[in-house]
Amino acid sequence: MPATLALAIAAAAVTGQIVTAQSTAAKVAPAAKVGDVATANSSIVAVVNADPITADQLAQEAVLRYGVDMLDNMINRHLILQACTNAGIEVTNADVSAEIQRIAAKFNLPLDQYLKLLQDERDISPDQYAREVVWPMMALRRLVHDRVQVTEEEFNRAFLARYGESVKCRMILVDKKDLAESLRTRAVAAPAEFGALAKQYSQDEASASVRGLIPPIRRYTGDSRIEDVAFGLKEDEISEVLQLGDQWVILQSVRLMPAANPAPQSMPAIREQIVDAIRDEKVRDAASEMFAKLQKDAQVVKVLGDQAAMQANPGVAAIVNGQKVTVAQVAAECVKRHGSVVLDGEINRKLLTQALAKAKKTVTQDDLDAEVSRAAVAYGFVRPDGSSNTDAWIESVLAEGVATKELYYRDSVWPSVALAKLVEGKVNVTEDDLREGYDSNYGPRVEILAIVLSDQRTAQKIWDMARNNPTEEFFGGLAEQYSIEPVSQSNFGKVPPLRKFGGQPSLEKEAFSLKPGELSGIVATGDKFIVMRCQGFTEPVVADFAAVREELVISITEKKNRVAMADVFDKLKQTAQVDNFYEVAKKSSKVASAVKPASATAPANTKR
5 MPATLALAIA
15 AAAVTGQIVT
25 AQSTAAKVAP
35 AAKVGDVATA
45 NSSIVAVVNA
55 DPITADQLAQ
65 EAVLRYGVDM
75 LDNMINRHLI
85 LQACTNAGIE
95 VTNADVSAEI
105 QRIAAKFNLP
115 LDQYLKLLQD
125 ERDISPDQYA
135 REVVWPMMAL
145 RRLVHDRVQV
155 TEEEFNRAFL
165 ARYGESVKCR
175 MILVDKKDLA
185 ESLRTRAVAA
195 PAEFGALAKQ
205 YSQDEASASV
215 RGLIPPIRRY
225 TGDSRIEDVA
235 FGLKEDEISE
245 VLQLGDQWVI
255 LQSVRLMPAA
265 NPAPQSMPAI
275 REQIVDAIRD
285 EKVRDAASEM
295 FAKLQKDAQV
305 VKVLGDQAAM
315 QANPGVAAIV
325 NGQKVTVAQV
335 AAECVKRHGS
345 VVLDGEINRK
355 LLTQALAKAK
365 KTVTQDDLDA
375 EVSRAAVAYG
385 FVRPDGSSNT
395 DAWIESVLAE
405 GVATKELYYR
415 DSVWPSVALA
425 KLVEGKVNVT
435 EDDLREGYDS
445 NYGPRVEILA
455 IVLSDQRTAQ
465 KIWDMARNNP
475 TEEFFGGLAE
485 QYSIEPVSQS
495 NFGKVPPLRK
505 FGGQPSLEKE
515 AFSLKPGELS
525 GIVATGDKFI
535 VMRCQGFTEP
545 VVADFAAVRE
555 ELVISITEKK
565 NRVAMADVFD
575 KLKQTAQVDN
585 FYEVAKKSSK
595 VASAVKPASA
605 TAPANTKR
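Under this note's numbering, the first residue of the sequence shown carries the number 5, and numbering increases by one thereafter.
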C-alpha cells in the first residue's frame, strides 16, 4: 500500500477522534426498558433452535455494552450540527458524496476500491465513514473556514521544508555537559575524528552506529535553534555545545545539500498538496479549539448511565442545549455499529442456556464467584495467606478494557461456568495422563544440536557430511552454514532441550532414541527437514513423581476440561438450527447502498 494512502486511511480516524474527544473507554448503562430502547420493537432478528431473539433484545444488549460511549459520540455530533444550524451552514448528502469521490480520486483509486480499503483496513463501513468521518470533517471545515487561511509565507516555509536546502550533519549526543565540552574540544582539534568520537561516545544509538550521521536538517521542520546552527556552519565546522532538554548536542557540518527544483509543470500539484496539508493541520487545531469551546459552553445533561436520571426522564439518553437525544436513537446507532458482534454473543448465550436447561443444570452466583476466585489464583492474584485476591484480579480485568464488573461476569465468567457445568463429570484423568504430564513438565530432556533445512535433497547432503565427519565441532559448523532456523544457525546448532509430549511427536521420538554423540536420521516435520546430534540427557526436574501428583491432577483436569468445553461448544454450534435474519438484512442493505455512501450524514431525526 502506498505510504500516502496508508496515511489517508489513518487520517480517516482524525475526525472521529475529534467528535469523540472526551469519550472514555466504553461504560455500561443500566438496562433501559424495552419501550425506551426501540418502542417495543418485537420484530425477530434471529431464531436459535426455534427460540427467537427480537430487535428489542438486541437493542437492549447493544446499549448495555456500548450505549454510554456511543452517546458521547452522538452528543459531539449534535454539538457540531447545532453550531452549523446557528451559523446557517448546511452539509448535504451530495456534498459528502462529492467529498468522498474527491478523496478517492486524490489517491487515484476508484470509489468502490477506496471504500473497500477503508472497510478492510479500518473496519469502517461506507455509511459510517460518511456519517461519522466525512460529515463532521466537512462541517468543522465550514465552521472554521473564516479563521483558517493559508498565507503565502506559510506556503513558502512549507515549500522550503520539503524542497529547500538541507545540511548533512554528524551529531554527538550525551547527557553530561562537561563530557560534551570535552568531546567538542577534541573534535575541534581533529575534525576528521568527529565520526569516531560519535561512534564511541554518542548516546544516540541510531546515529552512533553510522559515525554520527543524522538525516539532513531542513528549515522549518524542527527546533529552530538546531536549524540556525546547522545552516550557519561551514563544511567540517564544529558547533558549540547545544542544550536540548536534559541532553547536550554537538553538530558537525558535512556538506550543504542544494535545494530541489521541481519542474514548473508539477508546481500546481505541489502547491495544492502543501496548501492542503497546511490547511488540514490548521483545521485540526481550529476545530479542536472550537470543540473545546462548544463543549465548555454547552448545556449537556447525560441521562443514560444514571439510574435516577433515567427514571426521571424515560426514553431520554441526553439533553443537548435543550434538544433531546433519545435512547431509541442511541440504540439504533449501537446496533448499526455493533449489532453483529452483540447478536453473535446473544446467539451463543441462547445455545448455552438451552443446553443447560436440557441438562437440568443451573449456574448460581456462588458458581460465578468460585470461577472468578479460581481465575484470580491461576493468574497469581493471591493474598499473603494464600487466598484469592478477587478484588485485585477484577481491577486488572477492568484495566484491560472490560467495561464493568457486571459485564465481566455476564460475558466472560458466565459462559465459562456454563460450559464447565455441561462437561461436569465427563472428564477423567488417567494414570497415563499423569505419567505424560510428569514426563513433559518434570522429566529428563534430551540436549541436541540441530540443523533445520528446507528440502530433502539438501538434508540428505548435510546428513552425509555429518556422518562422514562425526564431531560436534563439525556439526556446529554445518549448522552455522546451512541451518535456516535462526537459533540453531547462530548458536552452532545448539537449541533448547527437547521434552517429551511437547507437541512434536516425530522429533521427540527420534531424539529420545539417540545415545550421546549419535547422529539422527532425517526427520521431516511440516515443510522442514531436521538433522540432530545428541549431546546427552538432563536430570529430571523433580525425581519423585508422588511429590507433584496432586499438582498434575489439577493442571491436567483443567486442561482436559478446557478441551472438552471447546468440543461441547463446537458441537452446540454445529448441531444448532440458527436463522440470522439480521445478517441477511444487513448484507441486502449493503448491496442496496453500495453506491450511496452518504445515506445518513447528520444525526438522526434532525434537519440539515
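Glycine is no exception: its CB is placed at the ideal position from the N, C-alpha and C atoms.
Where does LEU518 sit, in a helix, a strand or coil, going by DSSP? coil
Based on the DSSP secondary-structure assignment, which residues constitute the bridge partners of ALA537? In the sequence under discussion, the amino acid at residue 537 is Arg, which differs from the Ala named in the question. In the DSSP assignment, ARG537 forms a beta bridge with LEU453, LEU523.
What three-state label does DSSP hand VAL152 in the structure shown? Residue state, collapsed to three classes: coil.
In whole angstroms, give me the CA-to-CA distance for VAL41 and ALA528. Its pLDDT being 45, under 50, VAL41 is placed unreliably in this model, and the coordinates cannot settle the point.
Do you know how far the Cα of MET569 is from the Cα of TYR442? Straight across, the Cα-Cα distance linking TYR442 with MET569 is about 24 angstroms.
Proximity winner among VAL339, VAL171, ILE218, relative to VAL233 (alpha-carbon distances): The shortest Cα separation from VAL233 among VAL339, VAL171, ILE218 belongs to VAL171.
Helix, strand or coil for ALA36, going by three-state DSSP, please let me know. With a pLDDT of only 49 at ALA36, under 50, the local geometry of the prediction cannot be trusted, and the value read off the model is given with reservation. Coil, per DSSP.
Rounded to a whole number of angstroms, what is the C-alpha to C-alpha distance between ILE176 and PRO262? 24 angstroms
Cβ pair ARG229, LEU246 closer than 8 angstroms: yes
In the DSSP output, what is GLN247 paired with across the bridge? TRP252
Member of LEU426, LYS532, VAL138 whose CA lies at the smallest distance from the CA of LYS575: The residue from LEU426, LYS532, VAL138 with its alpha-carbon nearest to that of LYS575 is LEU426.
Among the candidates ASN445, GLU562, PRO501, whose CA atom is the shortest distance from the CA of ALA547? ALA547 has its Cα closest to that of ASN445, out of ASN445, GLU562, PRO501.
8 angstroms contact criterion, which ALA335 and ASN565 should meet: CB distance rounded: The Cβ separation is near 38 angstroms, so there is no contact.
Leaving out five residues before and five after GLU241 in sequence, what residues of the same chain have Cβ atoms less than 6 angstroms from its Cβ? SER257
What are the start and end residues of each continuous alpha helix (DSSP H) run of 4 or more residues lying completely inside the region 329 to 406, in chain order? 331 to 362, 369 to 382, 394 to 403
For ALA202 and ARG161, which I take to be in contact (beta-carbon distance under 8 angstroms), what is that distance rounded to the nearest angstrom? Between ARG161 and ALA202 the Cβ distance is about 30 angstroms, and since that is not below 8 angstroms, they are no contact.
By Cβ distance below 8 angstroms, which residues in the same chain neighbour LYS354 in space, the five residues on each side in sequence not counted? Around LYS354: VAL52, ASN53, ASP55, ILE57.
Apply the 10 Å Cβ neighbour rule to LYS504 and answer buried if 16 or more other Cβ atoms are within range, or exposed otherwise. buried
Taking contact to mean 3 or more Cβ pairs, one atom from each stretch, closer than 8 angstroms, check whether the region 77 to 91 and the region 288 to 302 are in contact. Contact annotation: the region 77 to 91 touches the region 288 to 302, with at least three C-beta pairs closer than 8 angstroms.
Closest Cα partner of GLN207 within the set VAL329, TRP252, GLU65: TRP252
Cβ contact check for the region 449 to 460 and the region 531 to 548: 3 or more pairs under 8 angstroms: yes
LYS172: first and last residue of the uninterrupted beta strand (DSSP E) it sits in: 170 to 178
Along the chain, where does the alpha helix (DSSP H) containing THR408 start, and where does it finish? Element bounds for THR408: n/a, residue is neither H nor E.
Taking the alpha-carbon positions, what's the PHE159 to ARG215 distance? 35 angstroms
In or out: ASN80 buried (at least 16 other Cβ within 10 Å) or exposed? buried
Suppose the cutoff is 8 angstroms on Cβ atoms and the five residues either side in sequence are ignored; what does the same chain contact list for PRO419 look like? ASN352, ARG353, LEU356
With distances taken from CA atoms, which of ASP116, LEU113, VAL572, ALA91 is nearest ALA143? ALA91
Which same chain residues, not among the five before or five after GLY481, have their C-beta less than 8 angstroms away from its C-beta? PHE496
Can you say whether ASN77 is buried or exposed, counting buried as having 16 or more other CB atoms within 10 angstroms of its CB? It counts as buried.
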